[in-house]
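Structure, as structure tokens:
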Amino acid sequence: MNRFKLNITRKMPGLVPPLVMVGVLVVLLPVFILMTLDRVKKQDEFIRERFFITGTSLIRTFEAGTRIGMGSMQWGAERIQSMLEETAGQPDVAYIMITDAMGKIIAHSDAAMVGKIYDRWADLGLLPRDPHLISSRSLNTPDGPVLEVAKHFVPFNPMFRGQRRGPGLEPGLRYGHGKMPPGPLGAERPARPAFGVFGQADHYIFAGISMTGVQAAQARGFKNIVIKGLLFFVFCCSGIIALFALQAYRAAQSSLEQVKAFSDNVVQNMPSGLITLDPKFNVTSANRAAEKILGEIPEKACPQMAAMAARLSGSGGAVSGEVALNRKENGDLRLDMTVSAIPADEDQVQGFVLLFRDLTQIRDLKKQVETNRHLAAIGKLAAGVAHEIRNPLSSIKGFATYFARQYENEPGDVEIAKIMVQEVERMDRSITQLLEFAKPMAVEIKQIRIKPLIRHSLKLVAHDLGKKKIRVETDIRTRRETIHTDPERICQVLLNLYMNALNAMDSNGILEIGVADAEDTLEIRVADNGCGIQAKDLEKIFDPYFTTRAKGTGLGLSIVHRIVENLKGEIRVESQPSKGTVFYITLPGNETIE
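Residue numbers for the sequence shown follow the numbering used here, beginning at 2 and rising by one.
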């Protein structure tokens, strides 16, 4: 039988409290937003950098081609204009133009713009005059967004151009108001003479890279960044929530295991028996007390238990009552039982719980108390009656002896006198037993050896055992060598039990005497294979004057019961008709009996 496991249904709180989820959102949401914005910013910077490199490469390529052409072939403005138009035909090139220092367009990919003032010239800041520096800015044009890259245009190699700037020239030009940059002390500089179209005067080249085509890609990139960020955010939230859920689950599991361990411990150690049944009345579990009370737990509930449980199948609730179980070897077992149903959904029953306690010992104690009360009453009566009867019996015995001697020549009269004497002696023995039973019993406790005590008691009945050819078997398995008790009283108890066994057995019977340790006590067992005792008589064998033998007085077992009680022990009997009887005497170990 599996140990009882109690299932506890508890309303468990949510694994993750809402406050924890709010905290996770509060912590991770700003992180998600910052990461997304940072990635968007980096994407914009990457696109701007790519287009800046494209514009720079375009300007440097054009500038290099112009430098070669003008140096070897003496190109003019028409050739430069033609190159600008051809260059503007490349993908993503919105425009390319060359202006002078006043913002006048010298050459433009759109020929119609030549000679005009660049309309965004006033918005320019300080452009670098260093030929190696390039600046850029973002513009919104009617044709869409443009990244404009600007550079000081140098069509000639500086080593062939001579000195182009005076000592007081500023490091850059600020365009505006149609004037050349001021000279030293604020004086205006006159325009420098041109070398052809692009002489010694300052010129600037502008390349507009169209960003219209990348808007869709940028939108898709932004969408991808947001989606990835959301996935990352969901993943992080899920991970953190999962960690909290796992921790909460482990804490709940640990708490539940502790509750289960506690409940199992309570159920297993409760003094009352507890078993559970399924709807078909099969036993599913039992605690230690149930195993101790019932012995071997059956697979299916006994009919009495099933009948009580069946009363709950439709109504539910609980039913209490007293149940008598007939155990083949150990006799009847009486239980005070309460049966309750284990409800399921829709008014169904998924099992039963049976809680019970053993009433057998209580009933035995009640009987013992009643017997003691009865014996006490009889003892008081016997003390008075025995004294009054004994004196007349002595006179009757004397007269019977006298008449036996007086009429010794009359065999018939002598025989009658002898019968009278025998009956008086029998009555005297009964009165002696009655007085012995009635008067307070004194015990003299000594430390005696166990084995010699058993051998001595058997010697007292050796003659009777030999006459009926009774075989004696002894089994002494105690670890004790001595015991504190009254040897005379114990011999009297054993002698009475031996004589009862002799009267119950036929020739060639077996008398068994066993001694064994039982926790802190010593158990003496006297068994025979005689006729046994009827079940209806087992409750009466210790009552005074109860006997099933024609010549018995009915006081032998009553005196045995009283002696054992005075020695602070217990006596019980098990018997089956035609199989024999076993008496169990339990005596204190080495305790001193007061």
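All C-beta atoms in this analysis are idealised placements derived from N, C-alpha and C, irrespective of residue type, glycine included.
Buried or exposed: which applies to leucine 127, given that a residue is buried once 16 or more other Cβ atoms fall within 10 Å of its Cβ? Leucine 127 counts as exposed, since fewer than 16 other beta carbons sit within 10 angstroms of its beta carbon.
If you reduce the DSSP assignment to three classes, tell me which class serine 579 lands in. Secondary structure at serine 579: coil, using DSSP grouped into helix, strand and coil.
Please state whether DSSP places proline 146 in a helix, a strand or coil. In the structure shown, proline 146 sits in a strand (DSSP, three-state: E or B).
Does the structure place the stretch 459 to 467 close enough to the stretch 534 to 551 that three or more beta carbon pairs sit under 8 Å? In short, these stretches do not touch, since the Cβ pair count stays below three.
If contacts are defined as beta-carbon pairs under 8 Å, then leucine 334 and threonine 361 qualify, I think. What distance do you get, rounded to the angstrom? In this structure leucine 334 touches threonine 361 by the C-beta definition: roughly 6 Å separates them, less than 8 Å.
The stretch 401 to 412 in contact with the stretch 524 to 540 per 3-pair CB rule at 8 Å: With the cut-off at 8 Å, the stretch 401 to 412 and the stretch 524 to 540 do not touch.
Taking leucine 512 as the reference, which of Val227, Ala325, Leu466, Gly318 has the closest Cα? Per the Cα distances, Leu466.
According to DSSP, what are the bridge partners of valine 571? Before going further, note that residue 571 is glutamate rather than valine in the sequence given. Thr587, per the DSSP bridge assignment.
Kindly identify the DSSP beta-bridge partner or partners of arginine 478. For arginine 478, DSSP records no beta bridge to any residue.
Can you tell me the Cα-Cα spacing of glycine 322 and alanine 517, whole angstroms? Their backbone Cα atoms lie some 38 Å apart in a straight line.
What residues are listed by DSSP as bridge partners for glutamine 448? Answer by DSSP bridge pairing, in chain order: His485.
Please state the DSSP three-state secondary structure of isoleucine 525. DSSP places isoleucine 525 in the strand class (E or B) of the three-state scheme.
On the premise that isoleucine 206 lies in contact with isoleucine 69, defined as a C-beta separation below 8 Å, what is that separation, rounded to the nearest angstrom? Contact between isoleucine 69 and isoleucine 206 is absent: CB atoms are separated by about 16 Å, not below the 8 Å threshold.
Leaving aside the five residues before and after glycine 515 along the sequence, list all residues of the same chain whose C-beta is less than 6 Å from its C-beta, in chain order. Correct list, in chain order: Asp476, Arg526.
Outcome for proline 185 when other beta-carbon atoms lying within 10 angstroms are tallied against a minimum of 16: Unreliable placement is indicated for proline 185, whose pLDDT of 35 sits below 50; the coordinate value is still reported in the next sentence. Looking at its Cβ environment, which holds fewer than 16 other Cβ atoms inside 10 Å, proline 185 is exposed.
Quick test of your reading: serine 211 and valine 147, contact by CB under 8 Å. State the CB separation rounded to the nearest angstrom. About 6 Å separates the beta carbon of serine 211 from that of valine 147, a gap short enough to meet the 8 Å contact definition.
Distance, Cα to Cα, lysine 301 vs aspartate 521? Straight-line Cα distance between these residues: approximately 36 Å.
Looking only at C-alpha atoms, which of Gly56, Leu539, Lys468 sits nearest to serine 576? For serine 576, the nearest C-alpha among the options comes from Leu539.
Local Cβ density within 10 Å of leucine 295, reported as buried at 16 or more and exposed below that: Flag for leucine 295 reads buried.
Using a Cβ-Cβ cut-off of 6 Å (strictly less than) and excluding sequence neighbours within five positions of glutamine 269, which residues of its own chain qualify? For glutamine 269, where only same-chain residues beyond five positions count, the Cβ hits under 6 Å are Asn288, Arg289.
If you count every other CB in all the chains shown that lies within 10 Å of the CB of threonine 486, and 16 or more means buried, which is it? When all chains shown are included, threonine 486 counts as buried.
Have a look at isoleucine 276 and glutamate 571 and give me their C-alpha separation to the nearest angstrom. Straight-line measurement puts the Cα of glutamate 571 at about 31 Å from the Cα of isoleucine 276.
From Leu140, Ser83, Leu568, pick the residue whose C-alpha is nearest to that of alanine 95; which is it? The candidate whose alpha carbon is nearest that of alanine 95 is Leu140.
Can you give me the Cβ contacts of serine 110 inside the same chain, cut-off strictly under 6 Å, excluding the 5 residues immediately before and after it? Taking C-beta separations shorter than 6 Å and ignoring five residues to either side along the sequence, the partners of serine 110 in its chain run Leu85, Glu86, Ala89, Tyr96, Ile97, following chain order.
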